[in-house]
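Report on the structure given below.
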Amino acid sequence: MLSVIILAVLALSSDISLTAGQADSRASAPNWLSVVPNHWICAGYEAPVFFAHDTDCTRYYECVCEDAYEYVCEKGLRFNPQTLHCDQAGRVACVSEDGGALPADPIVPDAPTDASVVPELDPRCPSGPEIKLWADESNCSKYYQCVDGQVVELYCPEQLVWNNAAKQCGPPVPFTCCARVPSAPTLPEDPASLWDRLQSWMG
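Take the sequence shown: its letters are residues -21 to -1, 1 to 182, numbered as in mature numbering (1 follows the signal peptide of the UniProt record, and there is no 0).
Structural data, given as structure tokens:
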């Protein structure tokens, strides 16, 4: 009888921990290291452009509205400036012919030529050069930015949250997070009732 009770308690506690784990909505963008607002390397580039990192072939920058987003490729891969993706190390020349670092010239993705491929502008984004940033309503680490009339979903690094007033990621400040913390899970019945049912079942 004691083993049945222990199993029932273990089953209830595993349900509770699963519920608590599922309530954690914090997400992070894979391979994203940092963002530097108004970085000098991105000056003058409103459309997204890519730069190979100047000292590390596994890293690269994406400039979006003059902000530099630094990314790192998965282990064993290098940033390929020809394809604008991380690629097998053997396919990417890490240094130039003279042994110098990779060039710092921007790599601008080709604009689509087929009119059917061009996405429609998102009505939440302004039509001019204005930068628009806003918080996600349910995830404090997530925020949105308009880029070329399209909404881009972005995430703050681990342990940081989006500060909508400052328009940047920062440490969490009590009571300023956009999302409400879910309440603790509750048991459907009180423990005495569960105990009574177990005893009546065991006879």
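Glycine included, every Cβ here is placed at the ideal spot set by N, Cα and C.
Put G23 into one of helix, strand or coil per three-state DSSP. Translated into the one-based positions of the sequence shown, residue 23 becomes position 44. Three-state result, G23: coil.
Between the Cα of A31 and the Cα atoms of P102, A22, G69, E49, which residue gives the shortest distance? Counting from one through the sequence shown, the residue named residue 31 turns up at place 52. Ranking P102, A22, G69, E49 by Cα distance to A31 puts E49 first.
Relative to the alpha-carbon of P27, which residue among S179, A145, R176, G128 has its alpha-carbon at the smallest distance? Residue mapping note: residue 27 aligns to position 48 of the sequence shown, counting from 1. Checking every option, the nearest Cα to that of P27 belongs to G128.
At a cut of 8 Å, does the region 17 to 24 reach the region 51 to 64 through at least three beta carbon pairs? no
Alpha carbon to alpha carbon, how far is G69 from R38? Taking the sequence shown and counting its residues from 1, the one referred to as residue 69 is at position 90. Taking the sequence shown and counting its residues from 1, the one referred to as residue 38 is at position 59. Approximately 16 Å between the Cα atoms of the pair.
Buried/exposed call for S106, threshold 16 Cβ in 10 Å: Start at 1 with the first residue of the sequence shown, and residue 106 comes out as number 127. Exposed, by the Cβ-count rule.
Go ahead and pull the three-state DSSP assignment for R38. Position 59 of the sequence shown holds residue 38. Three-state result, R38: strand.
Extent of the continuous beta strand (DSSP E) to which A114 belongs: Here residue 114 is taken as the residue at index 135 of the sequence shown, counted from 1. Taken as a continuous stretch (DSSP letters only), the beta strand (DSSP E) holding A114 covers 112 to 114.
Who are the near neighbours of Q124 in its chain, counting only those whose CB is closer than 8 Å to its CB and skipping five residues on each side? Position 145 of the sequence shown, counted from the first residue, corresponds to residue 124. V43, C44, I110, K111, L112, V130, V131, L133.
Which of the three DSSP states, helix, strand or coil, is assigned to residue 265? Outside the displayed range of the chain (-21 to 182) lies residue 265, so it cannot be described from this structure.
Counting along the chain, where does the beta strand (DSSP E) carrying Q147 start and finish? Taking the sequence shown and counting its residues from 1, the one referred to as residue 147 is at position 168. That run of the beta strand (DSSP E) goes 147 to 149.
Looking at the secondary structure, which residues open and close the beta strand (DSSP E) in which E132 lies? Position 153 of the sequence shown holds residue 132. Its beta strand (DSSP E) spans residues 129 to 134.
Buried versus exposed, by CB contacts within 10 Å (16 or more), D33: Within the sequence shown, residue 33 is the residue found at index 54, counting from 1. D33 comes out exposed.
I'd like the span of the beta strand (DSSP E) that includes A31, first residue to last. Counting from one through the sequence shown, the residue named residue 31 turns up at place 52. Its beta strand (DSSP E) spans residues 28 to 31.
Rounding to the nearest angstrom, what Cα-Cα distance links N143 and K121 in this structure? Position 164 of the sequence shown, counting from 1, holds the residue named residue 143. Position 142 of the sequence shown, counting from 1, holds the residue named residue 121. In a straight line, the C-alpha of N143 is about 11 Å away from that of K121.
With respect to the beta strand (DSSP E) encompassing K54, which residues constitute its N-terminal and C-terminal limits? Within the sequence shown, the letter at position 75 stands for residue 54. Premise fails: K54 is in no beta strand (DSSP E) and is neither H nor E.
Q124 by DSSP, collapsed to three states: which one? The sequence position of residue 124 within the sequence shown is 145, counting from 1. Strand.
May I ask you to report which of helix, strand or coil DSSP gives L63? Within the sequence shown, numbered from 1, the residue matching residue 63 stands at position 84. If DSSP states are grouped into helix, strand and coil, L63 belongs with coil.
Taking the alpha-carbon positions, what's the Y24 to D46 distance? Position 45 of the sequence shown holds residue 24. Position 67 of the sequence shown holds residue 46. Approximately 9 Å, taken between the alpha carbons.
Using a 10 Å radius around the Cβ and a threshold of 16 neighbouring Cβ atoms, would you call D115 buried or exposed? Here residue 115 refers to the residue found at position 136 when the sequence shown is read from its first residue. Counting Cβ neighbours within 10 Å, D115 comes out buried, since at least 16 surround it.
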